[in-house]
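Before any comments, here is the structure.
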Amino acid sequence: MRPMPFPRLLLIAVLSLAAFCSPAAAASARVPDTRELTDFFDTALAKGLAANHVPGAVVSVVGAGKTLFSKGYGLADRENGTPFDPGTSLVRIASITKLFTWTAVMQQVQQGRLDLDADVNRYLTAFRIPATYPQPVTLGHLMNHTAGFEDRAIGIGARSKADVPPLGTYLAENVPARVRPPGEVSAYSNYGAALAGYIVSRVSGQPYDQYVKDRILDPLGMRHSTASEPVPAPLAAGQARSYDYEEGTYRRKPFVFDNLPPDGSISTTADDVARFMIAHLQDGPILDEPTARLMHRRSFAADPRIDGYAHGFKEQTVNGNRVIMHDGSWEGFQSVLLLVPDADLGLFVSTNSLGGIDAVTELLPAFFDRFLPGERTAPSASPAKAAAPVAGFYKPARTVESTIEKVLTLTNSFRLRVEDDGKLAFKGMTWSPLAPGLYQQDGGSQRLAFVTSGAGVTYAATDGPAYELIPWWDTPPANVIVVLAFAVTALTAVLGLPLTAAVRRLRNRPSRTSRAWRAGRLLAALAGAVGLVFTVLFVLTLTGDTSILYGVPTSLRLLLLLPPLFLALTIAAITTTVIGWRHRHVGVLARGHQVTLLAGMLALVWFCLHWNLLGWQFG
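Okay, so the sequence shown: first residue is 23 according to the working numbering, each after it adds one.
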């Protein structure tokens with residue numbers, strides 16, 4: 023079972039390729055002219071699209087308060103041969119929508135209706151965020167993705183408008199578990215962004231899409247943009263299509279409705295995004311100058327020496343320049359928006375195929391090397407108490423604890439090793455020490471800092487995501503041992519007991535054990551067979567292409583009938599074994615085998631309970 027594709031931080035890959043840089047580079051940056059930009063994109067982007075089987079892309083670059091360059095490449099619609107047009111081709115920018123949501127929040131802060139430091143429950147009436155921890159969740163936490171929410175993927179998409187519930191209803195019925203205290207570490211949350219958008223609607227009295235239109239799109243002249251789904255009829259003709267390329271064939275992706283619109287519903291054009299970028303770089307007109315500068319200021323970092331968040335913008339340091347950005351991935355569209363405030367430069371790129379990730383991550387470092395070259399500075403002074411590196415397995419801080427999605431920890435965890443020379447091996451890369459508790463990626467510019475929470479939880483926080491050290495019983499090797507222990511013992515029963523019975527019949531030697539003992543052996547064998555079938559099918563599902571975008575598919579629901587059946591058979595096997603234990607004709611080997619067999623069954627019971635595979639825990 024793979025999760026629905028999440029928005030990805032494309033710039034993480036960029037940082038592994040980009041050169042380091044000094045702040046002087048940003049200070050001396052000049053605004054590139056249209057000819058230079060045309061030469062660059064005509065070569066670099068066209069090459070990337072062809073190499074990665076991407077039908078088309080659209081680009082806009084802004085600087086000095088104006089659009090410097092915008093152009094479409096390739097096809098927005100392969101079936102109809104429609105070329106990409108930066109002025110009229112609408113792309114789905116997915117999580118870049120969150121920048122509009124955060125801008126809306128700051129507008130309401132500017133007007134005094136919202137307080138970034140207030141408990142979000144102040145603004146809620148139909149439902150409440152539970153008081154799991156003494157510290158309340160605030161709008162500031164939502165903007166920095168530090169609320170401590172788990173981030174579920176089950177059912178966040180819908181096939182039709184009719185399938186999309188009212189935003190408040192969806193939020194009330196799908197409140198995520200709070201898995202860590204707020205303010206501890208960033209863990210990306212779609213629910214948090216949607217909650218912020220809902221709060222804006224509550225205090226403004228307008229639906230989210232109408233608010234965005236009236237307060238952001240229309241004032242900026244973004245006439246070919248919408249936060250509504252589906253795209254309104256006047257704009258629908260310009261809607262670009264997205265594709266997946268597999269085995270030489272392009273497959274068109276369907277339009278997917280977002281059950282959490284403030285996290286990703288906007289469709290727009292490159293020219294319109296240029297207007298939005300200019301508004302942020304010029305501190306107006308949608309925000310006054312003090313509010314805009316506050317929004318762009320760093321608001322959270324797990325360690326001051328690595329990149330963090332700026333009120334919803336993700337920080338990155340590329341070639342010494344402070345970049346505030348966001349990316350988005352939805353329905354095949356891959357998009358990224360980057361602002362370099364000190365250089366007064368903005369870049370937006372969107373592609374319409376899954377292969378666009380590779381195309382964009384190849385393009386971005388080349389763009390910065392061409393127009394904003396330089397080196398990254400040495401780290402500033404270490405924190406008062408830097409955490410020491412801890413070897414072990416780490417899972418993304420963006421995780422799920424309360425539903426079946428918890429099991430994805432087993433496929434998404436990474437081992438971190440501390441080598442003899444002091445370097446780290448993590449996520450297929452090596453990291454060299456820079457300062458106490460701080461490491462830098464060899465051959466790249468990503469940094470990693472170890473952070474310890476007040477409760478003693480260890481995190482490896484990078485310039486992108488953060489990762490949490492997990493206990494040994496959650497590690498993939500430990501769970502492989504658990505499953506293998508069950509499988510081996512179950513096979514001895516499933517294969518061995520019928521063979522033993524057949525031999526006994528051939529020798530005409532009827533069993534002299536009690537009926538209860540024989541029932542216990544039979545029930546254990548049946549439990550083993552059910553457990554083996556479940557284990558094989560679940561592993562195939564976990565590592566396969568089962569989508570949970572629209573909810574839990576029927577095949578998975580049916581598969582999860584097996585764990586309760588397995589549990590019932592195991593309990594029955596234990597009960598009848600205890601009843602028949604004292605029968606004098608039961609041999610030592612048979613007793614030992616039965617105990618071993620039942621221990622294997624209990625190992626799988628623990629596995630199912632621990633990973634939420636009992637009870638249809640879908641959220």
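Where is the CB? At the ideal position from N, CA and C, for every residue including glycine.
Who are the Cβ neighbours of residue i in its own chain at under 8 Å, not counting the five residues just before and after it?
i: threonine 557; result: Val505, Phe508, Ala509 and Leu626
i: alanine 324; result: Val207, Ser208, Gly330, Ala471, Val473, Tyr481, Ala483 and Ala488
i: aspartate 182; result: The sequence given here places serine at residue 182; aspartate does not occur at that position. Around serine 182: Phe279.
i: glutamate 423; result: Glu172, Ala199 and Val201
i: arginine 319; result: Ala332 and His333
i: leucine 136; result: Val127, Gln130, Tyr145, Leu161, Ile221, Val222 and Val225
Can you give me the C-alpha to C-alpha distance between residue i and residue j, rounded to a whole angstrom?
i: alanine 365; j: tryptophan 494; result: 47 Å
i: phenylalanine 370; j: alanine 72; result: 20 Å
i: alanine 216; j: leucine 97; result: 32 Å
i: leucine 376; j: aspartate 173; result: 22 Å
i: alanine 218; j: tryptophan 124; result: 8 Å
i: threonine 8; j: alanine 148; result: What is shown of the chain runs 23 to 641, which leaves residue 8 out entirely.
i: phenylalanine 335; j: histidine 167; result: 10 Å
i: leucine 559; j: arginine 613; result: 30 Å
i: proline 405; j: proline 411; result: 15 Å
i: phenylalanine 277; j: threonine 618; result: 52 Å
i: lysine 417; j: glutamine 304; result: 39 Å
i: alanine 594; j: glycine 478; result: 42 Å
i: glycine 476; j: isoleucine 492; result: 16 Å
i: asparagine 74; j: threonine 373; result: 11 Å
i: alanine 314; j: histidine 302; result: 7 Å
i: leucine 31; j: proline 77; result: Unreliable placement is indicated for leucine 31, whose pLDDT of 43 sits below 50; no coordinate value is reported for it.
i: aspartate 496; j: phenylalanine 629; result: 10 Å
i: glutamine 228; j: lysine 235; result: 10 Å
i: alanine 590; j: glutamate 384; result: 54 Å
i: isoleucine 178; j: asparagine 281; result: 5 Å
i: glycine 459; j: alanine 68; result: 42 Å
Kindly list the residues whose CB is nearer than 6 Å to the CB of residue i, restricted to its own chain and excluding five residues on each side of it in sequence; keep chain order.
i: proline 283; result: Tyr230
Using a threshold of 8 Å, state whether the C-beta atoms of residue i and residue j are closer than that.
i: tyrosine 481; j: leucine 470; result: no
i: leucine 438; j: proline 498; result: no
i: phenylalanine 62; j: lysine 93; result: no
i: glycine 637; j: threonine 599; result: no
i: threonine 421; j: phenylalanine 640; result: no
i: aspartate 294; j: methionine 244; result: yes
i: isoleucine 601; j: alanine 547; result: no
i: histidine 348; j: leucine 121; result: yes
i: glycine 214; j: alanine 169; result: yes
i: tyrosine 95; j: alanine 79; result: yes
i: alanine 419; j: glutamate 490; result: yes
i: aspartate 485; j: isoleucine 328; result: yes
i: isoleucine 300; j: valine 83; result: no
i: tyrosine 572; j: alanine 175; result: no
i: leucine 367; j: isoleucine 346; result: no
i: serine 536; j: histidine 615; result: no
Check for me: the beta strand (DSSP E) holding residue i runs from which residue to which?
i: methionine 347; result: 343-352
i: serine 454; result: 451-457
i: arginine 274; result: 271-274
i: serine 357; result: 355-362
i: valine 84; result: 78-85
i: glutamate 337; result: 335-340
i: phenylalanine 277; result: It is not in any beta strand (DSSP E) - phenylalanine 277 carries neither H nor E in the DSSP assignment.
With a threshold of 7 Å on Cβ separation, who are the neighbours of residue i within its own chain once the five nearest residues in sequence on each side are excluded?
i: threonine 110; result: His246, Gly260 and Thr291
i: isoleucine 596; result: Leu620
i: alanine 512; result: Gly550, Gly553, Leu554 and Gly622
i: leucine 582; result: Leu635 and Trp638
i: histidine 632; result: none
i: glycine 190; result: Ala148 and Tyr220
Under DSSP, the alpha helix (DSSP H) around residue i begins and ends at which residues?
i: aspartate 329; result: It is not in any alpha helix (DSSP H) - aspartate 329 carries neither H nor E in the DSSP assignment.
i: arginine 613; result: 610-632
i: valine 131; result: 119-132
i: phenylalanine 298; result: 292-303
i: glycine 602; result: 584-602
i: leucine 67; result: 56-73
i: tyrosine 220; result: 212-226
i: proline 312; result: 311-318
i: serine 577; result: 576-581
i: tyrosine 230; result: 230-234
(message) Measuring CB atoms only, is the region 281-290 touching the region 235-255, in the sense that at least three cross pairs come out at less than 8 Å?
(response) yes
(request) Please confirm if the region 120-130 is in contact with the region 309-324, defined as three or more CB-CB distances below 8 Å between the two stretches. (result) yes
(message) Pairs of beta-carbons, one from the region 439-450 and one from the region 421-431, closer than 8 Å: are there three or more?
(response) no
(message) I'd like to know if the region 352-362 and the region 250-265 are in contact, where contact means that at least 3 CB-CB pairs between them fall below 8 Å.
(response) yes
(request) Taking 8 Å as the threshold, find out whether the region 194-204 comes into contact with the region 149-161 through three or more Cβ pairs. (result) yes
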